[in-house]
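So the protein lines, in turn, are chains A and B.
In case it helps, the working numbering puts the first sequence at residues 22 to 131.
In case it helps, the working numbering puts the second sequence at residues 87 to 197.
Even for Gly, the Cβ is constructed at its ideal location relative to N, Cα and C.
Source: prediction; values computed, not measured.
Notes to accompany the following structure.
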Amino acid sequence: GQQLNQSPQSMFIQEGEDVSMNCTSSSIFNTWLWYKQDPGEGPVLLIALYKAGELTSNGRLTAQFGITRKDSFLNISASIPSDVGIYFCAGRDNFNKFYFGSGTKLNVKP
Amino acid sequence: GAGVSQSPSNKVTEKGKDVELRCDPISGHTALYWYRQSLGQGLEFLIYFQGNSAPDKSGLPSDRFSAERTGGSVSTLTIQRTQQEDSAVYLCASSNYNEQFFGPGTRLTVL
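Have a look at this one:
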């Protein structure tokens, strides 16, 4: 099956710093998604990307769908304490099945 | 409702008992997924329903696990003869093909 490698596994940053995380896949995807999960809740969709090369922003979040269709990154600018959580990438294949990265745990120090 | 809903939110059961977990997807979404998430871990795919097609059951960890989707809407995940290692959060998601939306999950504790 398809494998997604998400990095880094965890990050400790100071409030106000920018953050970058990425995912790479062994196969191509048709859609890339980025989620945030807070403790005790389900993942919440942050950004969806639909075509290779697409760069999309949502407030302080920016994500890109890699040209090869095998990778994506998520940037968070000017981090704030409420950005704390676990971020997951996900890719959708031709059969509408979704594959998830193992998550990036973000810690923000005030 | 506007989003995916799951019930119960919490379930505590004794080892060996059967449990049923329910998922109500977003109206109009033809695809429905079940995942399992152990504490501090990522998402483990269990099963996927797509319209009237046969479900993709490739992620079910044992034959104690089964799921149904009635009328193309509500789904029930059943775990028979529960074991302590089944303790986890069970997440349901539905999809409109491009995007996938999650419910809040059911936290299952097997004593």
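query, result
"Pairwise C-alpha distance: Gln92 of chain B and Cys109 of chain B", "5 Å"
"First through last residue of the beta strand (DSSP E) which encompasses Gly106 of chain A", "106 to 113"
"Buried or exposed by the 16-neighbour rule on C-beta atoms within 10 Å, applied to Val98 of chain B", "exposed"
"Coarse secondary structure for Asp149 of chain B, derived from DSSP in three states", "coil"
"Under 7 Å by beta carbon: chain A residues contacting Gly114 of chain B", "Neighbours of Gly114 of chain B on chain A: none; closest Cβ ~15 Å, over 7 Å."
"Own chain partners of Ile34 of chain A with C-beta closer than 8 Å, once the 5 adjacent residues on each side are dropped", "Val40, Ser100, Leu127, Asn128, Val129, Lys130"
"Distance between Phe187 of chain B and Leu82 of chain A (C-alpha atoms, nearest Å)", "19 Å"
"Limits of the beta strand (DSSP E) - the one that Lys4 of chain A falls within", "No answer is possible for residue 4 of chain A: it lies beyond the span of chain A, which begins at 22 and ends at 131."
"Buried versus exposed call for Gln27 of chain A [16 or more other C-beta atoms within 10 Å across all chains shown]", "buried"
"Pair within 8 Å by beta-carbon distance, Gly158 of chain B and Thr195 of chain B", "no"
"Residue-level contact to chain B via CB, Pro64 of chain A, 8 Å cutoff", "yes"
"Within-8 Å CB hit, Gly80 of chain A to chain D", "The structure shown has no chain D; the protein chains it does contain are A and B."
"Cα-Cα separation, Tyr121 of chain B to Asn138 of chain B", "20 Å"
"According to DSSP, residues forming a beta bridge with Thr83 of chain A", "A:Ser78, A:Asn96"
"Alpha carbon of Ala174 of chain B to alpha carbon of Pro190 of chain B, nearest angstrom", "13 Å"
"Chain B contacts made by the stretch 87 to 120 of chain A, where a contact means CB separation under 9 Å", "Ile107, Phe109, Ala111, Arg113, Phe116, Asn117, Lys118, Phe119, Tyr120"
"Exposed unless 16 or more other CB atoms sit within 10 angstroms - verdict on Tyr183 of chain B", "exposed"
"Cutoff 8 Å: Ser173 of chain B Cβ touching any chain A Cβ", "no"
"Check whether Gly131 of chain B and Gly145 of chain B have beta carbons under 8 Å apart", "According to the sequence as given, residue 131 of chain B is Phe; it is not Gly. Closer than 8 Å, so yes."
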